[in-house]
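*Asks:*
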Amino acid sequence: MARRPLVKNFTKGACCGHPSFHIEPLGIFPDPMSEPTVAPAATDAKPSVEMVNVQVDGVWMKFPKGMRMIKALEEAAKVIPHYCYHPKLSSPGNCRMCLVEMGMPSRPAPGQSEPEKDEHGFAKIQWIPRPAISCANTISEGMGIRTASTMVEEVRKGVMEFLLINHPLDCPICDQAGECRLQEFSVGFGRGQSRFQDEKVHKPKNQDIGARIVLDDERCIMCSRCVRFSSEIADEDVLGFTERGSQTVLTTHPGQRLDHNYSLNTVDICPVGALTSKDFRFQMRVWFLKETPSVCTGCARGCNTEIGSREGVIYRQTPRQNDDVNSTWMCDQGRLDFHWVNSDRRLIDPMLKDGAHHRTTTWPQAVSAVADKLRGLRGDQIAIIGSGRMTNEELFMLKKLAAALKTESLDIVPRTGAADNYLVSADRNPNTAGAGLIFCDRPGSTLATIRQKVASGEIKAVIAWRENLLEQAGFTVEELSQLEVLVAAHVMANAMAELAHVVLPTAAWSEKRGSMINATGRLQRLNKASEPPGNARDDWEVLRDLTQALTGTNGLYLVEDVFKSMATEIPELGGLSLGKIGEAGLPLLPSSEVIPLLHREADRKTRGIIVG
Ligand code: SF4
Ligand code: SF4
Ligand code: FES
Numbered sequence: 001m002a003r004r005p006l007v008k009n010f011t012k013g014a015c016c017g018h019p020s021f022h023i024e025p026l027g028i029f030p031d032p033m034s035e036p037t038v039a040p041a042a043t044d045a046k047p048s049v050e051m052v053n054v055q056v057d058g059v060w061m062k063f064p065k066g067m068r069m070i071k072a073l074e075e076a077a078k079v080i081p082h083y084c085y086h087p088k089l090s091s092p093g094n095c096r097m098c099l100v101e102m103g104m105p106s107r108p109a110p111g112q113s114e115p116e117k118d119e120h121g122f123a124k125i126q127w128i129p130r131p132a133i134s135c136a137n138t139i140s141e142g143m144g145i146r147t148a149s150t151m152v153e154e155v156r157k158g159v160m161e162f163l164l165i166n167h168p169l170d171c172p173i174c175d176q177a178g179e180c181r182l183q184e185f186s187v188g189f190g191r192g193q194s195r196f197q198d199e200k201v202h203k204p205k206n207q208d209i210g211a212r213i214v215l216d217d218e219r220c221i222m223c224s225r226c227v228r229f230s231s232e233i234a235d236e237d238v239l240g241f242t243e244r245g246s247q248t249v250l251t252t253h254p255g256q257r258l259d260h261n262y263s264l265n266t267v268d269i270c271p272v273g274a275l276t277s278k279d280f281r282f283q284m285r286v287w288f289l290k291e292t293p294s295v296c297t298g299c300a301r302g303c304n305t306e307i308g309s310r311e312g313v314i315y316r317q318t319p320r321q322n323d324d325v326n327s328t329w330m331c332d333q334g335r336l337d338f339h340w341v342n343s344d345r346r347l348i349d350p351m352l353k354d355g356a357h358h359r360t361t362t363w364p365q366a367v368s369a370v371a372d373k374l375r376g377l378r379g380d381q382i383a384i385i386g387s388g389r390m391t392n393e394e395l396f397m398l399k400k401l402a403a404a405l406k407t408e409s410l411d412i413v414p415r416t417g418a419a420d421n422y423l424v425s426a427d428r429n430p431n432t433a434g435a436g437l438i439f440c441d442r443p444g445s446t447l448a449t450i451r452q453k454v455a456s457g458e459i460k461a462v463i464a465w466r467e468n469l470l471e472q473a474g475f476t477v478e479e480l481s482q483l484e485v486l487v488a489a490h491v492m493a494n495a496m497a498e499l500a501h502v503v504l505p506t507a508a509w510s511e512k513r514g515s516m517i518n519a520t521g522r523l524q525r526l527n528k529a530s531e532p533p534g535n536a537r538d539d540w541e542v543l544r545d546l547t548q549a550l551t552g553t554n555g556l557y558l559v560e561d562v563f564k565s566m567a568t569e570i571p572e573l574g575g576l577s578l579g580k581i582g583e584a585g586l587p588l589l590p591s592s593e594v595i596p597l598l599h600r601e602a603d604r605k606t607r608g609i610i611v612g
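Numbering of the sequence shown is given in the working numbering, commencing with residue 1 and proceeding in unit increments.
#1: Closer than 6 angstroms by C-beta to Leu597: which residues in its own chain qualify, once you throw out the five before and the five after it? Chain order, please.
#2: Quick check on this structure: which residue in Asn431, Ile450, Ala136 and Val238 has the alpha carbon closest to the alpha carbon of Ile459?
#3: What separation, rounded to the nearest whole angstrom, lies between the Cα atoms of Leu546 and Gln365?
#4: Is the CB-CB distance between Ala567 and Ala433 below 9 angstroms?
#5: Is Ser277 helix, strand or coil by DSSP?
#6: Along the chain, where does the beta strand (DSSP E) that runs through Met496 open and close?
#7: From the DSSP secondary-structure annotation, give me the bridge partner or partners of Val295.
#8: Which full runs of the beta strand (DSSP E) of 3+ residues lie inside the segment 217-295, going along the chain?
#9: Starting from the C-beta of Ile213, find all residues in its chain whose C-beta is less than 8 angstroms away, skip the five residues before and the five after it, and write them out in chain order.
#10: Between the C-alpha atoms of Asp603 and Glu467, what's the straight-line distance to the nearest angstrom?
#11: Please return the same chain residues whose Cβ sits closer than 6 angstroms to the Cβ of Cys95, not counting the five positions on each side in sequence.
#12: For Ser368 and Asp337, I'd like the C-alpha separation in whole angstroms.
#13: Less than 8 angstroms separating the Cβ of Ile145 from some heavy atom of ligand 3?
#14: Tell me whether Ser90, by its Cβ, gets closer than 8 angstroms to a heavy atom of ligand 1.
#15: Once you ignore the five residues that flank Asn527 on each side, which residues in its own chain have a CB closer than 7 angstroms to its CB?
#16: Taking 9 angstroms as the cut-off, decide whether the C-beta atoms of Ile412 and Gly444 are in contact.
#17: Just tell me which of Lys290, Leu289 and Glu306 has its CA closest to the CA of Thr297.
#18: So within the segment 533-599, which uninterrupted alpha helix (DSSP H) runs reach at least 4 residues, ignoring any that extend past its ends?
#19: So, are the CB atoms of Glu101 and Thr147 less than 9 angstroms apart?
#20: Do you know offhand how far Val324's Cα is from Thr362's?
#21: If you run the structure through DSSP and keep just helix, strand and coil, what is Ser481?
#22: Tell me the rounded alpha-carbon separation between Pro105 and Ala123.
#23: Taking the alpha-carbon positions, what's the Leu289 to Arg335 distance?
#24: If you draw a straight line from the C-alpha of Phe396 to the C-alpha of Val562, how long is it?
#25: For Met330, is the beta carbon positioned less than 8 angstroms from some heavy atom of ligand 2?
#26: Alpha carbons only, please: which of Pro131, Ala489 and Met143 is nearest the one belonging to Thr150?
#27: Looking at ligand 1, does it come within less than 8 angstroms of Pro129, judged from the CB to the closest heavy atom?
#28: Strictly by DSSP, which residues pair up with Ile384?
#29: How about Gly190: is its Cβ closer than 8 angstroms to a heavy atom in ligand 3?
#30: Name, in chain order, the residues that DSSP records as bridge partners for Phe63.
#31: Should Thr407 and Ile438 be called a contact, given that it needs their Cβ atoms to be closer than 9 angstroms?
#32: Do you know how far the Cα of Ile581 is from the Cα of Pro30?
#33: If you run the structure through DSSP and keep just helix, strand and coil, what is Ile28?
#34: Determine contact between the segment 573-593 and the segment 549-564, defined as no fewer than three beta-carbon pairs at a distance below 8 angstroms.
#35: How big is the Cα-Cα spacing for Arg600 and Glu236?
#36: Considering Met516, what are the terminal residues of the beta strand (DSSP E) in which it resides?
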């Protein structure tokens with residue numbers, strides 16, 4: 001889980017897992033720590049799950065029976081500091097930060113048939129003189145919870161003091177500063193000063209425990225989130241604790257490394273700076289980052305992400321919670337697949353081939369050059385090869401271009417790999433489903449025919465969009481060299497662009513707004529985190545200009561208008577707009593695909609092992 005969803009756990013308050021559930025506050029009372037005076041309102045509502053009455057800080061509310069206390073309190077908009085609890089992991093209850101004061105309904109006194117009632121008709125609460133952890137206990141009928149009493153404040157101060165005793169307090173040089181729960185809870189719930197006068201225990205620092213992870217044991221508060229993630233979610237039981245008492249340290253099991261393809265999720269869920277990403281550490285202070293919600297384009301899963309950028313440079317990509325797509329996780333491969341966006345191998349100017357070399361040109365000249373070269377050819381002499389990495393809007397404009405050129409040779413390049421048992425899809429194109437919806441029944445199925453026609457000389461012009469045909473599509477240098485016209489629209493300099501008569505620099509996924517459809521048929525939206533470099537442009541605009549140059553018609557001016565245009569032509573998109581897709585996406589196409597990680601998560605939730 002990313003660090004941000006941890007914050008959402010405190011504030012979001014709408015993911016209790018009971019679709020029909022809603023909190024029913026039975027009254028508002030100005031002082032939450034006073035005895036309740038507001039009577040419960042009668043209700044005719046017929047909840048689909050059994051509800052119980054719980055008094056939270058003096059206000060009676062209804063929650064589904066069996067709900068964890070911390071979840072109920074979250075739904076009641078109470079901030080409960082916690083470290084070891086994570087809704088997607090089991091709850092060992094080992095950090096003690098989530099302590100609350102708890103009471104149970106009193107029993108009838110000897111000789112009485114009913115317990116003494118309060119003014120609202122509920123049995124009076126007998127408060128237990130010891131705090132209870134809220135992450136592993138469940139609510140029950142008539143229970144009382146206090147989250148801000150003197151006892152709760154004192155025990156939180158005590159827990160914070162213990163947690164900080166051996167913590168190095170190296171916040172100024174710690175990579176977690178700015179999103180560290182120890183910092184935040186220390187300010188919010190701590191004592192404000194330390195009474196500890198002895199030498200702190202010193203533990204190993206800068207330990208290389210995995211290909212992408214560094215461990216600083218001095219900062220570890222032994223919440224065991226990373227241990228549980230590795231064994232419960234990633235099925236790689238490589239982490240554990242050794243030694244005892246204040247000497248306890250987190251370590252990898254002998255001969256093991258934290259190297260699995262989901263290892264960086266442990267960095268996200270580590271509440272302190274004990275686990276840091278080799279890729280991101282010391283690169284940028286997190287408070288400088290602009291966070292843009294988007295989608296990973298590494299495969300057809302379409303994991304929801306947040307792109308962290310500053311001044312046009314991407315520094316990190318973290319998972320964003322979507323329980324219909326990726327839960328709160330993502331694979332390392334997809335997460336780190338962004339450095340090429342900042343690369344100096346990006347194409348930044350349109351180019352025309354001039355003899356053996358290319359010379360840079362302006363966009364109007366490049367567009368005219370393409371139109372001029374293609375005008376003399378028949379439709380059946382032209383092929384357009386697009387990409388499953390293009391957005392729906394771009395694929396739609398590609399189809400318009402094909403119509404303007406009167407060619408039916410239009411397809412994308414398939415891209416496959418091995419699926420894993422978690423999130424990674426065998427389809428490595430993020431938008432194969434979009435291509436299928438917009439212009440072909442079986443994306444990639446006509447590519448071999450196109451290649452044959454190129455080899456035989458029947459096809460004389462190829463427009464290759466966002467694909468290096470020498471790498472993925474199996475074309476040879478000889479085949480591409482014999483073409484009368486080769487147009488290469490791409491983000492990176494590559495061997496095919498070397499052969500192209502016209503090179504058009506376009507935008508990376510993080511530099512555009514648009515939509516894609518993932519392997520389970522979910523329509524999702526990409527948002528622009530940064531601008532394309534140099535004179536590179538958004539793909540749909542270049543496709544529009546090319547179509548305009550060929551047809552003389554006026555074009556579209558906003559990517560939102562492209563979507564609107566699609567929605568009028570494609571029934572499945574009817575009534576939708578880019579804005580309506582929202583940050584969580586929408587189910588659009590039927591799919592029987594099961595996401596292994598989510599399937600197991602649902603099972604664990606049903607069995608009560610996890611909360612969210
Ligand atoms: S390294 Fe972080 S996540 Fe792991 S036990 Fe320590 S504090 Fe918790
Ligand atoms: S599973 Fe696929 S979409 Fe998700 S992070 Fe990995 S590569 Fe990206
Ligand atoms: S969150 Fe750690 S004990 Fe409850």
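Using N, Cα and C, we set each Cβ at its ideal position, and we do this for glycine too.
*Replies:* In short, the structure shows the following:
#1: Along the sequence shown, one-based indexing puts residue 597 at 597. Excluding positions up to five away in sequence, the list reads Tyr422 and Leu423.
#2: Reading the sequence shown from its first residue, position 459 is the one you call residue 459. Taking only the C-alpha atoms, the option nearest Ile459 is Ile450.
#3: Position 546 of the sequence shown, counting from 1, holds the residue named residue 546. Position 365 of the sequence shown, counting from 1, holds the residue named residue 365. Spanning the alpha carbons of Leu546 and Gln365 requires a straight line of approximately 11 angstroms.
#4: Here residue 567 refers to the residue found at position 567 of the sequence shown. Here residue 433 refers to the residue found at position 433 of the sequence shown. No, Cβ-Cβ distance for Ala567 and Ala433 is not below 9 angstroms.
#5: Against the sequence shown, residue 277 aligns to sequence position 277. Strand.
#6: Residue 496 sits at position 496 when you count from the first residue of the sequence shown. Where Met496 is concerned, there is no enclosing beta strand (DSSP E), although the alpha helix (DSSP H) it sits in stretches over Ala495 to Leu499.
#7: Indexing the sequence shown from 1 puts residue 295 at position 295. Paired residue(s): Asn304.
#8: 239-242, 249-252, 275-277 and 290-295
#9: Counting from one through the sequence shown, the residue named residue 213 turns up at place 213. Taken in chain order, the residues that qualify are Leu258, Ser263, Leu264, Thr266, Val267, Leu275, Thr276, Ser277 and Lys278.
#10: By one-based count along the sequence shown, residue 603 stands at place 603. By one-based count along the sequence shown, residue 467 stands at place 467. Using only the alpha carbons, I get a separation of about 40 angstroms.
#11: Taking the first residue of the sequence shown as position 1, residue 95 is located at position 95. Taken in chain order, the residues that qualify are Tyr83, Cys84 and Cys223.
#12: In the sequence shown, the residue the question calls residue 368 occupies position 368. In the sequence shown, the residue the question calls residue 337 occupies position 337. Answer to the nearest angstrom: the Cα atoms are 34 angstroms apart.
#13: Residue mapping note: residue 145 aligns to position 145 of the sequence shown, counting from 1. Checking the Cβ of Ile145 against ligand 3 gives no.
#14: Looking up residue 90 in the sequence shown gives position 90. Ser90: no, Cβ never under 8 angstroms from ligand 1.
#15: Your numbering for residue 527 matches position 527 in the sequence shown. Thr292, Pro293, Ser294 and Arg513.
#16: The count along the sequence shown starts at 1 and reaches residue 412 at position 412. The count along the sequence shown starts at 1 and reaches residue 444 at position 444. Contact flag set, yes.
#17: Translated into the one-based positions of the sequence shown, residue 297 becomes position 297. It is Glu306.
#18: 539-551, 559-569 and 578-581
#19: By 1-based counting over the sequence shown, the position of residue 101 is 101. By 1-based counting over the sequence shown, the position of residue 147 is 147. Closer than 9 angstroms, so yes.
#20: Numbered from 1 along the sequence shown, position 324 holds the residue referred to as residue 324. Numbered from 1 along the sequence shown, position 362 holds the residue referred to as residue 362. It is Asp, not Val, that sits at residue 324 in the sequence shown. For the pair Asp324 and Thr362, the Cα-to-Cα distance works out to about 44 angstroms.
#21: Walking along the sequence shown from the start, residue 481 turns up at place 481. If DSSP states are grouped into helix, strand and coil, Ser481 belongs with the helices.
#22: If you number the sequence shown from 1, residue 105 lands on position 105. If you number the sequence shown from 1, residue 123 lands on position 123. C-alpha separation (whole angstroms): 5 angstroms.
#23: Position 289 of the sequence shown, counting from 1, holds the residue named residue 289. Position 335 of the sequence shown, counting from 1, holds the residue named residue 335. Straight-line Cα distance between these residues: approximately 16 angstroms.
#24: To locate residue 396, count along the sequence shown from 1; it is residue 396. To locate residue 562, count along the sequence shown from 1; it is residue 562. If you take the alpha carbons of Phe396 and Val562, they lie about 8 angstroms apart.
#25: The residue you call residue 330 lines up with position 330 of the sequence shown. Yes, the Cβ of Met330 comes within 8 angstroms of a heavy atom of ligand 2.
#26: In the sequence shown, the residue the question calls residue 150 occupies position 150. Residue Pro131 is the option with its Cα nearest to Thr150.
#27: Translated into the one-based positions of the sequence shown, residue 129 becomes position 129. Pro129 Cβ: outside cutoff for every heavy atom of ligand 1.
#28: Here residue 384 refers to the residue found at position 384 when the sequence shown is read from its first residue. Beta-bridge pairing links Ile384 to Leu410 and Ile463.
#29: Counting from one through the sequence shown, the residue named residue 190 turns up at place 190. Flag unset: Cβ of Gly190 not near ligand 3.
#30: Your numbering for residue 63 matches position 63 in the sequence shown. Answer by DSSP bridge pairing, in chain order: Val52.
#31: Indexing the sequence shown from 1 puts residue 407 at position 407. Indexing the sequence shown from 1 puts residue 438 at position 438. Contact flag unset, no.
#32: Residue numbering aside, residue 30 sits at position 30 when the sequence shown is read from its first letter. Residue numbering aside, residue 581 sits at position 581 when the sequence shown is read from its first letter. For Pro30, the predicted model reports a pLDDT of 33, less than 50, meaning its position is unreliable and no value from the coordinates is stated.
#33: As a working mapping, residue 28 is identified with position 28 in the sequence shown. A caution first: Ile28 carries a pLDDT of 31, below 50, which makes its placement in the model too unreliable to give a value.
#34: yes
#35: As a working mapping, residue 600 is identified with position 600 in the sequence shown. As a working mapping, residue 236 is identified with position 236 in the sequence shown. Roughly 15 angstroms separates the two Cα atoms.
#36: Reading the sequence shown from its first residue, position 516 is the one you call residue 516. It spans Gly514 to Ile517 - the beta strand (DSSP E) in which Met516 sits, taken as one unbroken run.
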